[in-house]
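Read through the structure below, which is laid out as structure tokens, and then see the notes.
In the numbering used here, the protein residues as written are 199 to 421.
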């Protein structure tokens with residue numbers, strides 16, 4: 199019997215040393231690496247647009263099933279073209295990478311930060327009402343503003359503008375329409391002066407007839 203034939207039968211299932219199992223494990227690792235590359239932006243290591251689209255569809259479907267809102271933050275770095283023009287493209291890349299790192303450090307593990315394209319990012323926050331999403335966006339905005347990128351020992355200060363809204367069980371528009379809606383809020387933040395978060399009026403979310411704490415105190419007095 200040839201050496202080739204011996205090799206083809208030398209590893210029964212369960213053997214600790216097995217060339218066939220090693221090869222299969224390597225193929226599995228290669229497959230996982232390839233899947234990650236397909237769904238990951240190579241510069242920032244955030245999820246890419248393809249994964250964003252898939253995840254948003256899934257989360258909006260989850261909202262319809264469970265009733266838990268899905269929040270979306272659209273973020274755009276202010277005057278990013280000026281960064282590339284005055285500091286160089288590698289500095290721009292540093293800005294994008296650091297912004298991504300801040301997102302990962304400040305968001306929850308269940309949140310889905312994605313690079314939407316260029317200097318724009320999209321952050322999906324599952325099960326998040328609007329007030330909490332606005333707070334998360336403002337924390338991130340402040341962190342970006344207070345974390346200059348160091349380029350050749352010089353600080354490069356960056357700000358970001360954001361739009362925030364939530365998708366509710368009662369929402370019946372498409373994921374594409376939802377993105378356009380939040381993107382219009384981002385544009386509003388830009389036109390209002392940048393470095394800010396635009397969102398629907400939080401007071402409009404209060405159910406009709408709901409009485410606030412201060413209103414209750416005025417009605418009933420305090421003991």
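Glycine residues also receive a C-beta, built at the ideal position from the N, C-alpha and C atoms.
Note that this is a predicted model, so its numbers are computed, not measured.
For residue 255, the enclosing alpha helix (DSSP H) covers residues 247–264.
The C-alpha of residue 292 is placed about 14 Å away from the C-alpha of residue 283.
Assignment of beta-bridge partners to residue 325 by DSSP yields no partner. Shortest Cα-Cα distance from residue 302 to any of 374, 288, 328, 321 involves 321. Around the C-beta of residue 268, 16 or more other C-beta atoms lie within 10 Å, and the residue is accordingly described as buried. Per DSSP, reduced to three states, the secondary structure at residue 348 is strand. The DSSP-derived three-state label of residue 241 is coil. Beyond the five residues adjoining it in sequence on each side, residue 296 comes within less than 6 Å, by CB distance, of 347 in the same chain, given in chain order. In this structure the stretch 238–257 does not lie against the stretch 332–345, because fewer than three pairs of beta carbons, one per stretch, are closer than 8 Å.
Between residue 317 and residue 381 the beta-carbon gap is near 14 Å, outside 8 Å, which marks them as no contact. Around the beta carbon of residue 375, fewer than 16 other beta carbons lie within 10 angstroms, which makes this residue exposed. Taking the CA atoms as reference points, residue 309 sits about 18 Å from residue 342.
Per DSSP, reduced to three states, the secondary structure at residue 367 is coil, with no helix or strand assignment. Residue 343 carries a helical assignment under DSSP once its states are collapsed to helix, strand and coil.
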